[in-house]
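Read top to bottom, the protein sequences are chains A, B and C. Just so you know, this note's numbering puts 56 at position 56 of the first sequence, and the rest follows in order with no gaps. Just so you know, this note's numbering puts 166 at position 166 of the second sequence, and the rest follows in order with no gaps. Just so you know, this note's numbering puts 296 at position 296 of the third sequence, and the rest follows in order with no gaps. The beta carbon of each residue, even a glycine, is placed where N, CA and C say it ideally should be. This report refers to the structure that appears directly beneath it.
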Amino acid sequence: MSVSEAILEVDALRVHFHVPRGVVRAVDGVSLALRKGETLGLVGESGCGKSTVARAIVALVPTTSGDIRFRGESLIGLSRGRMRPLRRHLQMVFQDPYASLNPRMTIASTIAEPMRIHATVAPGDLDERVCEIMELVGLDPSMRRRYPHEFSGGQRQRIGLARALALEPDVILLDEPVSALDVSVQAQVLNLLEDLKARLGLTYLLIAHHLAVVRHMSERVAVMYLGRIVELADREPLYTEPIHPYTEALMSAIPVPDPVVEAERKRIPIEGEVPSPTATITGCPFRSRCPQAFERCEVEAPELEEHRPGHLAACHLPDAD
Amino acid sequence: MARAAATLAPEKGTSLWADAWRRLKRNRLALGGAVLLGLVAVVCFVVPVVLGLDSETTDPANSFHPPDAHYPFGTDNVGRDYLARVLVGGQTSLLIGVAATLASVLIGVFYGSLAGYYGGKVDEVMMRIVDFLYAIPYMFLVILITLQFSKEARGNPLPIFFALGMVQWLTMARIVRGEVLTLKNREFVLAARTVGAGDLRIIFRHILPNILGVVVVYATLTVPAVIILESFLSFLGLGVKLSWGVLVSEGVGVVNPIESHAWLLLLPSLFLALTLFSLNFLGDGLRDALDPRTRR
Amino acid sequence: MSAPLLDVRDLRTQFVTEEGLVRAVDGVSFPVDEGEIVGLVGESGCGKSVTNLSILGLLPQPQGRIAGGSIRFEDRELVGLSERELRKIRGNAIAMIFQDPMTSLNPYLRVEEQLAEVGQLHLGLSRPQAVARAVDLLDRVGIPDAVERIKSYPHEFSGGMRQRAMIAMALLCDPELLIADEPTTALDVTIQAQILELLKELRDERGMAIILVTHDLGVVAGMCDRVMVMYAGRIVEEASTVDLYATPTHPYTKALLESVPRLDERGHARLRSIEGLPPRLDRGPFDACTFAPRCGLVRDACLAGEPALQAFAEGRRRRCVLAPEEVV
Chain A
1 MSVSEAILEV DALRVHFHVP RGVVRAVDGV SLALRKGETL GLVGESGCGK
51 STVARAIVAL VPTTSGDIRF RGESLIGLSR GRMRPLRRHL QMVFQDPYAS
101 LNPRMTIAST IAEPMRIHAT VAPGDLDERV CEIMELVGLD PSMRRRYPHE
151 FSGGQRQRIG LARALALEPD VILLDEPVSA LDVSVQAQVL NLLEDLKARL
201 GLTYLLIAHH LAVVRHMSER VAVMYLGRIV ELADREPLYT EPIHPYTEAL
251 MSAIPVPDPV VEAERKRIPI EGEVPSPTAT ITGCPFRSRC PQAFERCEVE
301 APELEEHRPG HLAACHLPDA D
Chain B
1 MARAAATLAP EKGTSLWADA WRRLKRNRLA LGGAVLLGLV AVVCFVVPVV
51 LGLDSETTDP ANSFHPPDAH YPFGTDNVGR DYLARVLVGG QTSLLIGVAA
101 TLASVLIGVF YGSLAGYYGG KVDEVMMRIV DFLYAIPYMF LVILITLQFS
151 KEARGNPLPI FFALGMVQWL TMARIVRGEV LTLKNREFVL AARTVGAGDL
201 RIIFRHILPN ILGVVVVYAT LTVPAVIILE SFLSFLGLGV KLSWGVLVSE
251 GVGVVNPIES HAWLLLLPSL FLALTLFSLN FLGDGLRDAL DPRTRR
Chain C
1 MSAPLLDVRD LRTQFVTEEG LVRAVDGVSF PVDEGEIVGL VGESGCGKSV
51 TNLSILGLLP QPQGRIAGGS IRFEDRELVG LSERELRKIR GNAIAMIFQD
101 PMTSLNPYLR VEEQLAEVGQ LHLGLSRPQA VARAVDLLDR VGIPDAVERI
151 KSYPHEFSGG MRQRAMIAMA LLCDPELLIA DEPTTALDVT IQAQILELLK
201 ELRDERGMAI ILVTHDLGVV AGMCDRVMVM YAGRIVEEAS TVDLYATPTH
251 PYTKALLESV PRLDERGHAR LRSIEGLPPR LDRGPFDACT FAPRCGLVRD
301 ACLAGEPALQ AFAEGRRRRC VLAPEEVV
């Protein structure tokens, strides 16, 4: 698939927040392109800016600079009126299935709301459409007049997914869609996401801290650290031959559910913690924790460059070898 | 098939209000409160008209007449029919309580939700105005507002409604703003924004229903507060001519250990207490009824 | 063989709620030996945390109560001890750390006050001695510049640092047993790896036993000597970690292991999902296997009565009517 088929492009995106202690550079120059029909995983630890990227795409947070294009059309600086029809194609599923549903609305009203706003369905057909969508995500339509508190976490996440699907979007941003769920329920939701993608031809941006979930779901993966993408590649090369020391350390830190494998695995210890988001950073943002940092890392911030075909990384190490 | 039947059944009775009403009906205590409150209101407003009671005609020969068959509530110091006075006074007290609370709810919710929702500079300016108004002693504010009305209007309940409402909305606005501030960043509000909901829809469909419980409870606390404030104003001669507050304060003045005249204090107090009790039960019930998580 | 350090026998913990009696833990038995790391895994509501709260005597009052069974620690019965006696054991011979260190530290007190207080109360140290000991331990758990950092307030620490401080606090009295309830769930993976490594080192150094409660099967695989899988307030399988992962013999354990995506997965196998939900524990007692409604291998015998937890091989127990080799 060629890059020209990008359905959603993020170009040099910056999102900065002003706080009493200074400026938080939540997203600091992120570029990525989502190809039609793929799942792109966006991983990183808390505070790395992965959720902010998604929120900037759906205009929940203002963009400081950079561009976001959907099917070649810029979403930045659009008036609400111009933005609204485009929102139809770009939907989001939130992390917390308990906080993301209005407790005072029945689930039928929650699922119907997007269709009411955009008047995509005649009022007389709304109820039938709600039932269809509920069946699509594996919910019993006879439960549609109930309130969110009557559903389990997994069912609530299905409701959130139904709401996102109501407008028949092309792209769905999945912000930690399973991290609040129990493992057996996680599998249900992940399988459902895969089925829906195949059936409806969806494109996913999957944001998660869980590298195994991302590996399972994505065709390509981008790793973020401190507001920047440090590595971006197809799944297999990224997991088997990572270039960036952060990616490597991150993967070695994830425990594998197999004691034999665990006993043999070597952890790459990374000391210390992520620098404060308000700190001014010179050079490479990862150098304070990088076991392989050298002089150049202190003075020059590495750009995200293609080191192998289709395998991008922001690191000076490959040049030094 | 269950599935087909479910689809065919029209979606009805799912509005927040219909559900709240259904839940309220199952709460006996709240329902009792509502019935009692309705009863007090009906008695105050209907009985004086039906029986042609007169609350003003004095009869010095019959002053301090204890309750009996002819004067069920007795008479006061100048021989006025105390039943008529208690009921007509109740009209004013209830009207002032409800109207001033309504005014405070309307202004407070509107003001507070605007400040909370838009935040930033708007919030800053709006809340400083509230702080400023808070800083003025409320009695002073009420006196100023009352005095703005012409002499003829004195003793008329309208300026009092207005004055008390003007003071009570400040706290309501603060409460509402705080709630809106926390709610507007909840994920379900963000989710509504990503599906394209506008500000009005977000405020009316997603935020206000979720603060109704707090508003209702505070409003039911405001009604008694207003009734009591009104009686204090009446005591200062700034209030109305006749209300439960006026009767209680007059009652306190005439009750004495030798000739107790206890009915002059007890009867209006009883009505006041009944009203406040039922308001509290109704308020609690409404809060629960408006929350779908309540199991009943 | 000497008696185990901790011996839980037929523990039954119940909660009285508006919905009825919740049998949160229903007949749980297990020993913990000195220096052993035991994993307690299961999904939310399976009773793993309640088991630990019962051991610590920290059940929410007045709803929670231990309705039966025994908890012996160093040959002393803990069930029925007075709050005063329990307090002497808790934070002393048995210490604990929780998921969210922020809720276990008082935000208004400096870390120094909170750590030194423990040393003064439990060990009878003078204030300077207690502070010195606290600094030593903070240093041991990897807090840089401990002499200065001990003067911080909890909010000035990052999540990882707070968990380290909690571990230091737990170590102050040289506990025999450390109960760690989801100690790394709130932390990032790189920090999680650091904390888990630290716990293992401390076990090797001090020979203390650890009960590790977690829902993360990966954490268990790397940390524990022995695992108990809990479901609906019961232990459904118990084995050494290596055996459990190699040959799970309970359908729930097997499904659980197959439902998590693995970092080292090859190709793309569809995840196994367990349909449905665990039973509501206020609907008990149950007269059938509690996993039967969600089990792919269910048969008549499963519904005839609740299977008992039975030993079937060296160090292995399971609660299932099928033969181990039938679970595929």
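Let me see if you follow: with CB-CB separation under 8 Å, is residue i close to chain B or not?
i: isoleucine 117 of chain A; result: yes
i: methionine 92 of chain A; result: yes
i: histidine 149 of chain A; result: yes
i: leucine 167 of chain A; result: yes
i: glycine 58 of chain A; result: According to the sequence provided, residue 58 of chain A is valine. The question's glycine does not apply to it. By this cut-off, valine 58 of chain A is an interface position.
i: arginine 87 of chain A; result: yes
i: arginine 69 of chain A; result: no
Just to make sure I have the definition right: I need the residues of chain A whose C-beta is within less than 9 Å of the C-beta of residue i. Which are they?
i: histidine 215 of chain C; result: Asp182 and Val183
i: phenylalanine 300 of chain B; result: Chain B is shown only over 1 to 296; residue 300 of chain B falls outside these bounds and no answer can be derived.
i: glycine 160 of chain C; result: Glu273
i: proline 137 of chain B; result: Per Cβ cutoff of 9 Å: no residues; proline 137 of chain B is ~34 Å from chain A at best.
Would you mind telling me which residues of chain E sit closer than 8 Å to residue i, beta carbon to beta carbon, in chain order?
i: alanine 289 of chain B; result: Looking for chain E here will not work: the only protein chains present are A, B and C.
Would residue i count as contacting chain A if we go by Cβ distances under 8 Å?
i: alanine 336 of chain B; result: Missing from the structure shown is residue 336 of chain B; chain B here goes from 1 to 296 and no further.
i: threonine 194 of chain B; result: yes
i: glutamate 187 of chain B; result: yes
i: alanine 197 of chain B; result: yes
i: isoleucine 211 of chain C; result: no
i: arginine 270 of chain C; result: yes
i: asparagine 210 of chain B; result: yes
i: threonine 190 of chain C; result: yes
i: arginine 9 of chain C; result: no
Taking 8 Å as the CB-CB cut-off, is residue i touching chain C?
i: glutamine 188 of chain A; result: yes
i: leucine 250 of chain A; result: yes
i: isoleucine 254 of chain A; result: yes
i: alanine 212 of chain A; result: yes
i: valine 221 of chain A; result: no
i: proline 257 of chain A; result: yes
i: isoleucine 347 of chain A; result: The question about residue 347 of chain A has no answer, for chain A in this structure spans 1 to 321.
Measuring CA to CA, which of the options is closest to residue i?
i: arginine 72 of chain C; options: C:Leu21, C:Leu277 and C:Leu177; result: C:Leu177
i: cysteine 297 of chain A; options: A:Ala112, A:Arg144 and A:Pro285; result: A:Pro285
i: aspartate 282 of chain C; options: C:Ala3, C:Asp136 and C:Gln14; result: C:Gln14
i: leucine 211 of chain A; options: C:Thr190, C:Met208, C:Glu197 and C:Arg206; result: C:Thr190
i: alanine 168 of chain C; options: C:Glu117, C:Pro285 and C:Ala255; result: C:Glu117
i: glutamine 163 of chain C; options: C:Cys46, C:Asp145 and C:Leu199; result: C:Leu199
i: leucine 322 of chain C; options: C:Cys302, C:Thr103, C:Ala311 and C:Ala313; result: C:Cys302
i: valine 131 of chain C; options: C:Leu172, C:Ala93 and C:Glu237; result: C:Leu172
i: histidine 345 of chain A; options: A:Arg220, A:Asp67, A:His18 and A:Leu206; result: Look at the range of chain A in this structure, 1 to 321, and you will see that residue 345 of chain A is not part of it.
i: arginine 299 of chain C; options: C:Ala288, C:Ala308 and C:Leu309; result: C:Ala288
Under 7 Å between beta-carbons, which chain B residues line up against residue i? List them in chain order, please.
i: leucine 101 of chain A; result: Phe188
i: aspartate 96 of chain A; result: Glu187
Below 8 Å on C-beta distance, what does residue i contact in chain C?
i: valine 260 of chain A; result: Val242, Tyr245 and Ala246
So which residues on chain A does residue i lean against when the C-beta distance must stay under 7 Å?
i: proline 292 of chain B; result: Pro103, Arg104, Tyr147 and His149
i: histidine 206 of chain B; result: Asn102
i: serine 49 of chain C; result: Per Cβ cutoff of 7 Å: no residues; serine 49 of chain C is ~14 Å from chain A at best.
Which bits of chain A does residue i rub up against, with CB to CB less than 8 Å?
i: leucine 263 of chain C; result: Leu211, Ala212, Arg215, Tyr239, Met251, Ile254 and Val256
Residues of chain C with CB closer than 9 Å to the CB of residue i, please, in chain order.
i: serine 152 of chain A; result: Leu277
Chain B partners of residue i, CB-CB under 8 Å?
i: proline 114 of chain A; result: Val195 and Gly196
*May I ask you to verify whether the region 194-203 of chain A touches the region 221-241 of chain A, counting CB pairs closer than 8 Å and requiring at least 3?*
Fewer than three pairs of CB atoms, one per stretch, sit closer than 8 Å, so the region 194-203 of chain A makes no contact with the region 221-241 of chain A.
_Ranges of the alpha helix (DSSP H) found wholly within the region 24-101 of chain A, counting only runs of at least 4_ = Counting only runs of 4 or more, we get 50-57 and 80-87.
*asked:* Does the region 177-196 of chain C come into contact with the region 204-216 of chain C, if we say contact requires no fewer than three beta-carbon pairs (one atom in each stretch) closer than 8 Å?
replied: In short, these stretches touch, since the Cβ pair count reaches three.
_Give the list of continuous beta strand (DSSP E) stretches no shorter than 3 residues that lie fully inside the region 83-131 of chain C._
Entirely contained in the region 83-131 of chain C, the beta strand (DSSP E) runs reaching 3 residues are, in chain order, 94-97.
_Meets three-Cβ-pair contact criterion under 8 Å: the region 164-171 of chain A and the region 82-93 of chain A_ = Taking a contact to require three or more Cβ pairs closer than 8 Å, the region 164-171 of chain A and the region 82-93 of chain A qualify as touching.
*Every unbroken alpha helix (DSSP H) inside the region 33-93 of chain C [4 residues or more]*: Fully enclosed alpha helix (DSSP H) runs of 4 or longer: 48-56 and 83-89.
_Segment contact flag, the region 233-249 of chain B with the region 85-94 of chain B, C-beta cutoff 8 Å, min 3 pairs_ = Touching, yes.
*asked:* Closer than 8 Å is the cut-off here; do at least three beta carbon pairs connect the region 205-219 of chain B with the region 285-292 of chain B?
replied: Yes, the region 205-219 of chain B touches the region 285-292 of chain B.
*Taking the runs of the alpha helix (DSSP H) that are 4 residues or longer, which of them lie wholly in the region 176-221 of chain A?*
Here the runs fully enclosed are 183-200 and 211-217.
*Count the CB pairs spanning the region 61-68 of chain B and the region 93-103 of chain B that are closer than 8 Å, and state whether there are at least three.*
Touching, no, given that fewer than three Cβ pairs across the two stretches are closer than 8 Å.
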